[in-house]
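One structure is given here, and the rest of the page talks about it.
Protein chains in written order, with my numbering: chain A, 366 to 591; chain B, 473 to 706.
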């Protein structure tokens with residue numbers, strides 16, 4: 366087991382090191398997130414709907430889009446000069462590839478969210494700064510699921526034609542349950558309601574995490590060439 | 473193994489079943505219009521029921537079978553299972569199109585709206601879109617083994633997703649009840665209507681079987697031709 370963990374950490378570290386050298390994906394995903402936040406701000410009638418009312422939706426739509434944009438990176442880097450074959454040939458367990466990619470993606474997407482969350486609070490003039498840590502926790506919980514499905518799907522679409530289109534089409538239905546739950550929880554928390562009121566939604570995200578993290582890790586070897 | 477003769481025979485039987493089903497469908501409609509009483513509150517608009525509900529049955533049958541076959545494929549790795557899943561998914565998309573067009577046509581006069589984000593409607597829409605993605609993914613992969621594995625993965629994931637979408641919309645709606653009241657338990661159907669409905673269920677199942685057999689044979693023949701061409705090219 367420790368072999369899997371060590372290999373997974375090694376893959377995640379490798380991916381993040383590659384990203385850190387150029388920061389192309391990070392900067393573009395972040396700039397994209399800010400753009401989406403700005404566009405959604407204007408997608409309302411300012412005399413009828415306050416910015417605060419659409420802030421939870423705007424936040425989660427931004428995260429969903431930024432996740433999809435960022436996820437391509439993990440397997441795209443492996444395509445160049447057949448790096449993925451090297452990864453498959455290296456003496457590491459197959460499941461370590463999934464967990465390594467998942468961890469690298471999770472840290473990558475979480476870092477984009479960590480920056481765009483306070484930006485969204487500033488842009489939309491949200492009053493609930495004290496709720497920020499709890500909301501960040503919910504976002505992390507949902508991101509676990511986003512990235513689990515995203516890692517599995519992008520492993521496939523990175524090797525198909527029209528991959529970027531297919532990734533979005535196949536991934537979005539899976540992001541729907543955790544994203545809707547996230548919007549509902551964020552909205553309630555920003556209204557100052559207690560956490561107990563959103564337990565149903567929290568359980569939904571937790572169950573989604575467990576089911577899809579398990580499924581994605583089990584199905585991942587089937588996406589690799591034999 | 474699959475041979476050209478066998479695939480052609482499957483296609484021919486499938487065609488026969490489809491023709492029979494289409495004729496029977498005309499019969500269902502004759503019965504629904506002439507021999508089944510008009511529903512008291514909904515009037516003639518209710519007649520679409522005999523098309524809509526069986527289409528829903530056949531859609532979920534098709535997608536359910538495609539999902540289960542995906543799981544089976546990952547276990548047994550048999551090419552015929554993959555062909556069957558492909559056929560079932562494609563026929564499912566056609567049936568879902570019938571379902572998603574007859575639904576709004578019925579909903580407008582009865583509910584007063586074309587669409588409502590109810591749990592069943594939303595799940596069906598997502599399922600429909602997911603299987604469109606499934607078919608597009610199949611089209612985007614040229615290697616048959618890879619295509620089968622990739623689409624099986626999506627099929628299994630889709631099977632697990634549907635209950636979550638249902639639950640999401642259910643939680644969403646219980647917190648924001650909509651003005652349109654949906655009956656949770658349908659009225660007990662009078663015997664005559666029930667017979668028409670059940671007959672239509674049978675017809676749609678036949679339609680599914682006939683279309684899937686033809687689509688399966690088509691897929692098998694396509695693969696055989698590709699194999700021959702690859703052989704000829706050396």
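Note that CB positions come from ideal geometry on N, CA and C, so glycine has one too.
With a threshold of 16 other beta carbon atoms within 10 Å, residue 580 of chain B falls short and is exposed. Measuring C-alpha to C-alpha distances from residue 537 of chain A to each of A:555, A:518, A:554, A:527 identifies A:518 as the nearest.
Residue burial is scored here from C-beta neighbours: residue 706 of chain B has fewer than 16 other C-beta atoms within 10 angstroms and is therefore classed as exposed. No Cβ of chain B is located within less than 8 Å of the beta carbon of residue 432 of chain A. Looking at the backbone, the Cα of residue 520 of chain B and that of residue 506 of chain B are separated by about 14 Å. Short of 7 Å from the beta carbon of residue 609 of chain B, and not among the five residues preceding or following it, lie these beta carbons of its own chain, in chain order: 622, 623, 626. Proximity of residue 508 of chain A to chain B, defined by a Cβ-Cβ separation below 8 Å, is not satisfied. Those residues of the region 579-608 of chain B placed with their C-beta closer than 7 Å to a C-beta in chain A are 598, 601, 602, 605, 608, ordered along the chain. Annotated as proximal: residue 453 of chain A and residue 589 of chain A, with beta-carbon spacing under 8 Å. When the Cα atoms are used, residue 591 of chain B and residue 573 of chain B turn out to be separated by approximately 17 Å. A Cβ of chain B is located within less than 8 Å of the beta carbon of residue 576 of chain A.
Within the region 550-579 of chain B, no residue has a Cβ lying closer than 8 Å to any Cβ of chain A. Apart from the 5 residues on each side of it in sequence, residue 676 of chain B sits with its Cβ closer than 7 Å to the Cβ of 526, 527, 529, 530 in its chain, given in chain order.
Nearest in C-alpha terms to residue 667 of chain B, of all of B:641, B:499, B:491, B:561, is B:499. The Cβ of residue 525 of chain A sits closer than 8 Å to at least one Cβ of chain B. Here residue 529 of chain A carries a helix assignment [DSSP, helix/strand/coil].
Under the DSSP assignment, residue 441 of chain A falls in the alpha helix (DSSP H) whose first and last residues are 416-444. At a cut-off of 8 Å between beta-carbon atoms, residue 564 of chain A makes no contact with chain B.
Around residue 542 of chain A, the beta-carbon contacts reaching into chain B at under 8 Å are 633, 636, 637, 639, 640. At a C-beta separation below 7 Å, residue 612 of chain B has these neighbours in chain A: 525, 526, 527, 531. Under the 8 Å criterion on CB atoms, residue 440 of chain A is classed as non-interfacial with respect to chain B. Residue burial annotation: residue 477 of chain B is exposed, with fewer than 16 other C-beta atoms found within 10 angstroms of its C-beta. Nearest Cα to residue 633 of chain B within the set A:468, A:403, A:574, A:585: A:574. For residue 602 of chain B, the CB contacts under 8 Å within the same chain, skipping 5 residues up- and downstream, are 626, 630, 633 in chain order.
The beta carbons of residue 689 of chain B and residue 482 of chain B sit closer together than 8 Å. Taking 8 Å as the CB threshold, residue 539 of chain A lines the interface with chain B. Contact note: residue 621 of chain B reaches chain A through 587, 588, using a C-beta cutoff of 7 Å and chain order.
Using a 10 angstroms sphere on the CB of residue 486 of chain B, the tally of other CB atoms reaches 16 or more, which defines it as buried.
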